[in-house]
């Protein structure tokens with residue numbers, strides 16, 4: 441239920457901020473071929489001369505009816521632009537999440553089971569590299585190696601599964617480190633618990649102890665982080681989208697800021713905010729499903 | 355167990371999404387070109403940034419073609435011939451018969467009248483109305499005081515007459531610019547505000563027909579089988595939008611695109627020109643465009659001509675040209691670069707002389723030097739490279755310059771109010787006429803909107819006179835004199851150089867002709883592919 445105030449707050453914040461910083465959507469649309477007479481006329485025609493408050497209420501009035509207006513620069517309905525970009529971002533986010541889990545969880549588990557060994561160090565080193573390396577850099581290295589030198593994968597574009605592999609790894613690797621570290625420390629913690637000792641005393645194999653008894657409890661905090669990570673991939677994979685030429689939400693929003701395209705920025709940021717709020721809600725639900733002791737609203 | 359089920363479900367969902375997200379594009383017989391930014395629309399009346407679609411999907415009454423490196427000529431286009439009245443006010447265009455729009459209707463004089471009237475109609479919110487400003491009744495139409503444009507008239511099915519409010523010498527050249535592309539009345543009205551945004555709502559007479567358009571991703575243009583000049587040589591053009599220049603270069607080297615425009619990555623020019631594989635496939639052509647530094651006379655002490663002259667002398671242009679652009683260009687000393695009609699090769703040379711600059715500053719009352727700012731769009735590497743070098747040069751001559759990086763929208767907004775400090779930019783000819791350079795920078799409102807603030811009645815009067823003269827020799831003389839006044843006498847502009855435009859091509863690309871004016875946008879009509 442906190443969603444509505446959050447969305448209203450965000451919408452006001454964007455509106456005010458974009459009006460405080462200098463910038464002129466018509467001037468930036470025309471760039472070098474600017475003509476002062478045209479700027480003046482077109483601004484009046486677009487209603488940009490009206491006071492801030494009038495423009496805000498015009499926007500919010502439309503938004504309440506589900507109409508975010510037309511993008512200044514792209515001259516297309518904002519809602520359609522977002523809906524066209526969203527599936528691409530969703531595909532990237534899910535693929536990146538999958539990569540981060542497939543790398544992060546096994547790395548964390550193996551490191552926790554063999555703490556302070558060479559395996560632990562190697563896995564943790566790999567994860568830390570992922571966190572530390574900027575995405576544009578790892579992306580460039582991969583493009584150079586896998587596309588240019590080896591010719592296995594396409595450099596960029598978005599026309600099918602093989603186009604998704606490099607962007608998913610670039611984005612997922614950076615998140616895998618967090619998951620690996622978190623699952624390692626959480627599992628280490630759990631392995632000291634009494635019920636693990638009990639399980640071992642029952643004569644269960646080590647695999648059963650880890651998979652059925654330890655892991656399920658250890659991954660609770662990890663699940664929360666995973667859900668929030670997916671939400672953040674959905675709202676902010678700008679660099680990955682640019683480097684690999686994916687027509688997603690991040691690029692749409694950044695272009696909107698660059699060109700002071702208010703309707704498009706409001707639309708895309710509100711949509712992203714909504715996704716983040718949903719991601720948090722999802723984390724809560726997952727949490728309470730995994731751990732029946734936790735119930736909200738009581 | 356529940357865990358693994360979830361993972362399975364997520365995996366399946368993921369695979370579905372990925373496969374649904376797009377289908378592989380067909381290759382072969384296709385010219386593949388990259389673009390850093392999406393062209394946004396094919397409607398050239400409502401945008402000023404990209405000429406790709408106007409030049410390939412539309413035609414104009416007359417066309418400006420490239421006849422040699424940096425040389426151009428106006429030739430018949432949709433109009434097979436034309437007449438200009440003796441007083442230079444009335445232009446009569448005789449249209450070709452049997453030219454069809456992509457959706458199948460024949461081109462008529464009424465379409466031409468509609469096209470230009472649509473541009474002036476305030477509801478269109480057109481950004482290129484400047485080119486029609488001289489048409490009689492244009493201002494009334496733009497202000498909403500008239501419901502048609504008085505100076506536009508279809509005399510019969512194939513004859514159109516355009517009357518100007520006074521003689522305007524560059525008008526024919528203007529009619530060849532991409533902004534003057536001709537639309538079909540019925541189709542354009544039917545498409546409404548979606549005109550030019552999708553294949554279904556785009557129709558011109560040009561050599562290529564828009565077939566697919568996915569915003570920020572790709573465009574597919576296919577050959578117009580019924581093109582009036584004959585079908586183009588390539589079957590399709592695939593335009594890939596890739597915002598990252600580094601990725602673009604890799605796409606080129608991986609053989610996924612056919613033409614690499616070195617404007618995207620100037621620092622790569624030596625790499626390509628020395629590379630055993632690519633050096634034979636480098637194409638370059640002079641650019642009818644000039645690099646310059648602006649000077650804002652509203653910012654003190656640049657209101658003093660001595661300070662401005664000192665600034666002109668403080669920049670070692672030869673060094674920048676040689677080191678940053680690998681010598682691929684020529685120094686310019688005026689406003690009209692090489693290739694523009696009326697270009698004057700005999701202008702006095704602006705010498706690099708930091709000592710003399712210092713002396714001039716001292717004379718102007720600044721023996722300890724002057725502080726100044728150089729503005730640029732943040733992150734624009736091509737400008738930062740120049741600005742950093744110039745900053746160091748200026749220091750030698752007593753100017754303590756600070757580079758101020760601003761985001762694009764702030765940069766252009768500040769500039770349009772006349773408050774932007776000096777900046778470096780390039781202007782390439784939209785049409786081959788001095789008016790396209792002089793008026794753009796030094797007309798009363800433009801000099802403010804480009805942050806020059808060079809308020810000279812003498813210049814304003816000369817600009818108006820230049821527009822109305824019809825004798826080309828007389829016009830050239832006027833512009834050459836004006837150029838000396840602005841650059842040499844008043845030092846209101848710092849000319850740098852004109853550069854070659856360098857492209858690298860895949861070996862299969864034949865018949866590539868770099869456009870005369872140096873644009874990155876060009877017509878791909880004549881290109882052939884050999885596989």
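Protein chains in written order, with the numbering used here: chain W, 441 to 738; chain L, 355 to 885.
Every residue gets a Cβ at the ideal spot worked out from N, C-alpha and C, and that includes glycine.
Treat the numbers as computed from the prediction; the structure is a model and nothing was measured.
CB contact check: residue i to chain L, cutoff 8 Å
i	result
residue 570 (chain W)	no
residue 706 (chain W)	no
residue 738 (chain W)	At residue 738 (chain W), the pLDDT of 45 sits below 50, so the modelled position is not reliable; the number obtained from the coordinates is stated separately. So, not an interface residue.
residue 460 (chain W)	no
residue 727 (chain W)	no
residue 677 (chain W)	no
residue 586 (chain W)	no
residue 580 (chain W)	yes
residue 671 (chain W)	no
residue 687 (chain W)	yes
residue 574 (chain W)	no
Neighbour-count burial assignment, residue i, 16 or more Cβ in a 10 Å radius
i	result
residue 472 (chain L)	buried
residue 402 (chain L)	buried
residue 541 (chain W)	buried
residue 432 (chain L)	buried
residue 382 (chain L)	For residue 382 (chain L), the predicted model reports a pLDDT of 44, less than 50, meaning its position is unreliable; a value from the coordinates is still stated below. Under this definition residue 382 (chain L) is an exposed residue.
residue 496 (chain L)	buried
residue 484 (chain W)	exposed
residue 751 (chain L)	buried
residue 635 (chain W)	exposed
residue 453 (chain W)	exposed
residue 712 (chain L)	buried
residue 862 (chain L)	exposed
residue 622 (chain L)	buried
Interface partners of residue i on chain W, CB under 8 Å
i	result
residue 394 (chain L)	513, 514, 515
residue 496 (chain L)	481
Any chain W beta carbon closer than 8 Å to residue i
i	result
residue 735 (chain L)	no
residue 781 (chain L)	yes
residue 522 (chain L)	no
residue 861 (chain L)	no
residue 384 (chain L)	no
residue 547 (chain L)	yes
residue 371 (chain L)	Summary for residue 371 (chain L): the model assigns pLDDT 42, below 50, so the residue's position carries little reliability; its value from the coordinates is reported in the next sentence. Output row for residue 371 (chain L): interface = yes.
residue 641 (chain L)	no
residue 484 (chain L)	yes
residue 835 (chain L)	no
Residue i (DSSP reduced to helix, strand or coil)
i	result
residue 392 (chain L)	coil
residue 427 (chain L)	strand
residue 695 (chain L)	coil
residue 456 (chain W)	helix
residue 706 (chain L)	coil
residue 375 (chain L)	Only weak support exists for where residue 375 (chain L) lies, its pLDDT of 41 falling under 50; the coordinates are left without a value.
residue 510 (chain L)	strand
residue 613 (chain W)	helix
residue 493 (chain L)	helix
DSSP bridge partner residues for residue i (one or two, in chain order)
i	result
residue 758 (chain L)	L:729
residue 460 (chain L)	L:454
residue 594 (chain L)	L:388, L:572
residue 564 (chain L)	L:575
residue 418 (chain L)	L:428
residue 645 (chain L)	L:780
residue 515 (chain L)	L:446, L:507
Within chain L, partners of residue i - CB distance below 8 Å
i	result
residue 548 (chain W)	What residue 548 (chain W) touches in chain L: nothing, since even the nearest Cβ is about 15 Å away.
residue 611 (chain W)	Chain L residues near residue 611 (chain W): none, gap ~14 Å exceeds 8 Å.
residue 658 (chain W)	Residues of chain L passing the Cβ test: none, with the nearest at roughly 12 Å.
residue 703 (chain W)	Result: empty, since nearest Cβ-Cβ is about 14 Å, beyond 8 Å.
Per-residue contacts from residue i into chain L (C-beta, under 9 Å)
i	result
residue 699 (chain W)	762, 763
residue 597 (chain W)	376, 379, 571, 572, 594, 596, 605, 610
Partners in chain W for residue i, counting only beta-carbon separations shorter than 9 Å
i	result
residue 802 (chain L)	476
Residues that residue i contacts on chain L, provided the C-beta gap is smaller than 7 Å
i	result
residue 464 (chain W)	763, 766, 767, 770
residue 470 (chain W)	402, 481
residue 495 (chain W)	Here the premise fails: no neighbours, minimum Cβ distance about 17 Å.
Under 7 Å by beta carbon: chain W residues contacting residue i
i	result
residue 600 (chain L)	580
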